[in-house]
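Protein chains in written order, with this note's numbering: chain A, 6 to 224; chain B, 6 to 224. Where is the CB? At the ideal position from N, CA and C, for every residue including glycine. Working notes, structure below.
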């Protein structure tokens, strides 16, 4: 099923394709067999044109009478975006958030095997109950290298984020998801994505503040 | 300090302004007094031009010899984006992730008072130790209304996400941050932002998959 397709899918299209993929999973569970771009658009809040364009980045997929087969489109997106690959991941920082991520079943069920957890507090490691193997933070580089871990999830306090990233990168990590509210400097072509709870709250608060103001003023 | 400024700041600029704000907080802690747009750009990975443009959306801010005063720019962004407002928030779904969010100090320290937690499992409510007041999920609408809660953080399983959102919205919530991996249908002009851990992992995995492929193929 190899298609001659663009590898440079624009980021917004990629985000939409993943949203479409999740919705298709949901429709599959609900036993829906086919769906049109208008229906997808209506549920997801995207324009049908955008959806057709996003899907077209992945090459040809069967389209009968203006609709997509749910299962076929789902597999098509999955295959083309490499969503079927297994990725070894680790979590650094085992506070409340890190421990929650460590035990987040959705990750393991979707191909992200969490195979190591790290914390700088060695005493804490003994108190956490998890099937995941735990290590002190100073072993990050060694363990990432030895176990071929590809993705690192960083849930350490802001002040420790950069050092943690450096250790992961030195071990050969390929991608990082950063939950701490500080920017991490990348190197070695490692991809970094931020998932900043506080940042999202602040953006939301700002958007609400804009609505509270007369149209020409924000302060 | 009311400026005649645009309320329609583009989303990417808003995201950058918040990143700049966090960095300025960090620089303030490190006792740095002034910083140039080039320096900010270098640390954050943005073009200095973008930074100057982003800042210009907020109206005039003192700029001496090409640099910004750290404290002044920080306060300027804070005031203009309404980051100094207090927002009453609640968390629905008190599994591992929800409980982590409930006790996430960064929220409270930045003006987001978490004042209520909800879960559909009443027995679970009794086992959670937190200073936050907890309620059964069927009381969401009533409690949100009574306490004037503005922002709801949804950490329930996918299948319960829409019903949870509906209950929050019926109570008059203004914004929702959705941690569940499904799309929520908005109504009543409520703002919804998604913070989807699995989704972020999937995007990262896809971007890695693109790198693993010859330039013209993705499957």
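DSSP places residue 140 (chain B) in the uninterrupted beta strand (DSSP E) bounded by 138–141. Counting every other CB atom within 10 Å of its CB across the protein chains shown gives residue 108 (chain B) a total of 16 or more, marking it as buried. Below the 8 Å Cβ cutoff, chain A contributes 163 and 187 as neighbours of residue 31 (chain B), in chain order. Counting other Cβ atoms within 10 Å of its Cβ, residue 127 (chain B) stays below 16 and is therefore classed as exposed. Note on the region 71–111 of chain A: whole alpha helix (DSSP H) runs with a minimum of 4 residues are 75–85 and 101–107, in chain order. Flagged as an interface residue toward chain B: residue 198 (chain A), by a C-beta distance shorter than 7 Å.
Put simply, the CB of residue 111 (chain B) is near chain A, with a gap under 7 Å to one of its CB atoms.
Linking residue 141 (chain A) to residue 156 (chain A) through their CA atoms gives a straight-line distance of about 18 Å. Sixteen is the threshold: since fewer than 16 other Cβ atoms of the shown chains lie within 10 Å of the Cβ of residue 191 (chain A), the residue is exposed. In terms of Cβ geometry, residue 80 (chain A) and residue 99 (chain A) do not form a close pair [threshold 7 Å]. Segment contact: the region 195–205 of chain B against the region 198–212 of chain A, three or more CB-CB distances shorter than 8 Å; contact assigned. At a cut-off of 7 Å between beta carbons, residue 25 (chain A) makes no contact with chain B. Under the three-pair Cβ rule at 8 Å, the region 173–181 of chain A does not count as touching the region 172–179 of chain B. CA-to-CA, the gap between residue 138 (chain B) and residue 120 (chain B) works out to about 6 Å. Short of 8 Å from the beta carbon of residue 193 (chain B), and not among the five residues preceding or following it, lie these beta carbons of its own chain, in chain order: 174. Scanning B:166, B:45 and B:209 for the CA closest to the CA of residue 21 (chain B) turns up B:45. Considering only beta carbons, the part of the region 202–217 of chain A lying closer than 9 Å to chain B consists of 202, 203, 204, 205, 206, 207, 208, 209, 210, 211, 212, 213, 214, 215, 216 and 217, in chain order. Taking C-beta atoms under 8 Å as the contact rule, residue 160 (chain A) and residue 112 (chain A) fail to qualify, at a distance of about 13 Å. Just so you know, the alpha carbons of residue 154 (chain A) and residue 85 (chain B) end up roughly 42 Å apart.
Note on geometry: alpha-carbon atoms of residue 106 (chain B) and residue 96 (chain B) lie some 7 Å from one another.
Minimum Cα-Cα distance from residue 211 (chain B) among the listed residues A:35, A:61 and A:82 corresponds to A:82.
Proximity of chain B to residue 45 (chain A) at the Cβ level (cut-off 9 Å) is not reached, the minimal Cβ distance being about 10 Å. When the beta-carbon positions are compared, residue 165 (chain B) and residue 186 (chain B) stay at least 7 Å from each other.
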